[in-house]
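In short: position in the sequence shown from 1, add 154, done, that's the working numbering.
The next block holds one structure in the form of structure tokens; read it before the comments.
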Amino acid sequence: MKIARFLIPIIASLVLSSSLLSSPALADGKGGFSLGSTRVIYNGEQKDATITVINSAKNAPFLAQTWIDNYEENKNSKPPFVVTPPLYRQDQGKNTLRIIRNGGDLPLDRESVFWLNVKAIPAQSKENQNKNTLSFAYVLKVKLFYRPESLTSSSNNAYKELSFSQVGNKLIATNSTPYYITINKLSLGQSEVKNVTDMVPPFGKQSYALPEKASGKTVSFRVLNDMGGIMPEERKSLVN
Numbered sequence: 155m156k157i158a159r160f161l162i163p164i165i166a167s168l169v170l171s172s173s174l175l176s177s178p179a180l181a182d183g184k185g186g187f188s189l190g191s192t193r194v195i196y197n198g199e200q201k202d203a204t205i206t207v208i209n210s211a212k213n214a215p216f217l218a219q220t221w222i223d224n225y226e227e228n229k230n231s232k233p234p235f236v237v238t239p240p241l242y243r244q245d246q247g248k249n250t251l252r253i254i255r256n257g258g259d260l261p262l263d264r265e266s267v268f269w270l271n272v273k274a275i276p277a278q279s280k281e282n283q284n285k286n287t288l289s290f291a292y293v294l295k296v297k298l299f300y301r302p303e304s305l306t307s308s309s310n311n312a313y314k315e316l317s318f319s320q321v322g323n324k325l326i327a328t329n330s331t332p333y334y335i336t337i338n339k340l341s342l343g344q345s346e347v348k349n350v351t352d353m354v355p356p357f358g359k360q361s362y363a364l365p366e367k368a369s370g371k372t373v374s375f376r377v378l379n380d381m382g383g384i385m386p387e388e389r390k391s392l393v394n
């Protein structure tokens, strides 16, 4: 089957984001399309970073398209990375993508973050070529963290450096480290904070809306590590 046979009209598109999931098994689209991890760490001293694309479905190949986007939607500069292969046929089994830095002026004192996108366009079977069928293109997105070689401190314990303060109905997380910190669960006293999807940026702050009547002086939280796993709960007293 030639790649040209994959270029069928896409009637509908479904975007599935795996960036908020903590298990690679959940970074899964329809038809057995999945990625081997929920995030990619690109260490600056290495020539590239890799991630595995998986097709576990029998007799259901797809055309895979790969690219990098800026993490911030309003940023217009071109991401300084390329993905190889950018377009290829994925049969049942696994394939490794290589992410290569291609120039760019990235900060040397902190991490940078981007989106890795992998779109799967399913093949059209011979039986359905002359029929009106509904086809879906699935896109999985995972975070790509570029970690400069100059960062010598460990990222594993960065979350322990977080501090928290309360301003009105907002809980403010302050990050004094050069690493992005992804909070998985957050509570003030007995009140769980919802919608903690925004990361705490390096040397920066992130605010989270508190539930009504939330009170207490102790913050409990869990974060995701480099592998996307959930770290043990940490507790911090509010800073005035």
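By construction, the Cβ of each residue, glycine as well, lies at the ideal position given by its N, Cα and C atoms.
{"Asked": "Can you tell me whether Val399 is buried or exposed, with buried defined as 16 or more other CB within 10 angstroms of its CB?", "Found": "The structure shown has nothing for residue 399, since the chain only spans 155 to 394."}
{"Asked": "Do Val267 and Tyr313 have their C-beta atoms closer together than 7 Å?", "Found": "no"}
{"Asked": "Taking all protein chains shown into account, do 16 or more other C-beta atoms lie within 10 angstroms of the C-beta of Met381, making it buried, or fewer, making it exposed?", "Found": "exposed"}
{"Asked": "Cutting at 6 Å between CB atoms, please list the residues of its own chain near Thr331, excluding the five before and the five after it.", "Found": "Ala312 and Glu315"}
{"Asked": "Could you tell me the distance, in whole angstroms, from the CA atom of Leu217 to the CA atom of Pro233?", "Found": "23 Å"}
{"Asked": "Put Tyr300 into one of helix, strand or coil per three-state DSSP.", "Found": "strand"}
{"Asked": "Could you have a look at Tyr196 and say whether DSSP puts it in helix, strand or coil?", "Found": "strand"}
{"Asked": "In the DSSP assignment, what are the bridge partners of Ser341?", "Found": "Glu346 and Ser374"}
{"Asked": "Does DSSP classify Asn394 as helix, strand or coil?", "Found": "coil"}
{"Asked": "Once you ignore the five residues that flank Ala327 on each side, which residues in its own chain have a CB closer than 6 Å to its CB?", "Found": "Leu316, Phe318, Val354 and Gln360"}
{"Asked": "Classify Lys314 as helix, strand or coil using the three-state DSSP reduction.", "Found": "helix"}
{"Asked": "Residues bridged to Lys404 by DSSP?", "Found": "Residue 404 lies beyond the stretch modelled for the chain, which goes from 155 to 394, so this question has no answer here."}
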